[in-house]
Ligand SMILES: [Fe+2]
Ligand SMILES: [Fe+2]
């Protein structure tokens with residue numbers, strides 16, 4: 001049987017998607033540990049579970065296309081503070097939505113297409129959560145700043 005030649009660009013983009021999921025899994029582990037509230041920590045852990053599922057799905061696609069096991073690479077850029085981590089993750093998730101939709105478009109085979117396309121709304125959902133956490137933490141910092149002078153004033157009495 002003659003196998004049609006594998007589209008190199010497609011394989012390299014699947015590899016890129018694998019690296020992205022692999023890096024997000026590592027990044028969200030430390031982000032969850034830095035989370036100041038329990039609900040944020042458990043939501044980030046849920047998001048991380050989605051990325052683990054995506055990674056497995058993308059690995060399967062890679063193996064079907066190449067017959068080889070992929071070697072995931074950790075991408076740089078995961079910040080070391082919670083605030084920067086949320087900001088980075090929000091942008092990263094938004095970019096991943098577009099990347100998945102574009103990749104699904106170019107992919108051959110309806111089941112591969114569907115698998116990749118299905119990841120897009122998950123990533124969009126993740127972006128919304130990160131945006132909510134950014135706002136929540138901004139509000140918290142703002143109200144902490146507002147309370148500061150009152151406390152000082154009280155102490156003066
Ligand atoms: Fe993902
Ligand atoms: Fe995601």
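Numbering (the UniProt record's numbering), first residue to last: 1 to 157.
C-beta atoms are modelled at their ideal positions from N, C-alpha and C, and glycine is treated no differently.
| Query | Result |
| --- | --- |
| Return yes when at least one heavy atom of ligand 2 lies under 7 Å from the C-beta of residue 46, else no. | no |
| Check whether the region 38 to 46 and the region 56 to 70 are in contact - that is, three or more C-beta pairs closer than 8 Å. | no |
| When the Cα of residue 104 is compared with those of 142, 17 and 139, which residue comes out closest? | 17 |
| My understanding is that residue 52 touches residue 14, with C-beta atoms under 8 Å, so please give their C-beta distance in whole angstroms. | Not quite, the Cβ-Cβ distance comes to about 17 Å (not below 8 Å), so this is no contact. |
| Applying the criterion that 16 or more other CB atoms from any shown protein chain within 10 Å of the CB defines a buried residue, is residue 48 buried or exposed? | buried |
| Tell me which residues share the same chain as residue 35 and place their Cβ nearer than 7 Å to its Cβ, disregarding the 5 neighbours each side in the sequence. | 41, 44 and 82 |
| DSSP state of residue 1, grouped into three classes? | Note that residue 1 scores 48 on pLDDT, short of 50, meaning its location in the model is unreliable; the coordinates nonetheless yield the value given after this. Here residue 1 sits in coil by DSSP. |
| Looking at the structure shown, is residue 85 part of a helix, part of a strand, or coil, going by DSSP? | helix |
| Would you identify the three-state DSSP class for residue 64, choosing helix, strand or coil? | helix |
| Considering only the beta carbon of each residue, do residue 89 and residue 22 sit closer than 8 Å? | no |
| By the three-class DSSP mapping on this structure, what secondary structure does residue 73 have? | coil |
| Relative to the C-alpha of residue 162, which residue among 113, 20, 110 and 137 is closest? | This structure leaves residue 162 out entirely; the chain is present only between 1 and 157. |
| Could you check the C-alpha separation between residue 139 and residue 37 for me, to the nearest Å? | 14 Å |
| For residue 61, count neighbouring C-beta atoms within 10 Å of its own C-beta (all shown protein chains included) and say buried if the count is 16 or more, exposed if not. | buried |
| To the nearest whole angstrom, what separates the beta carbons of residue 133 and residue 86, a pair I think is in contact under 8 Å? | 5 Å |
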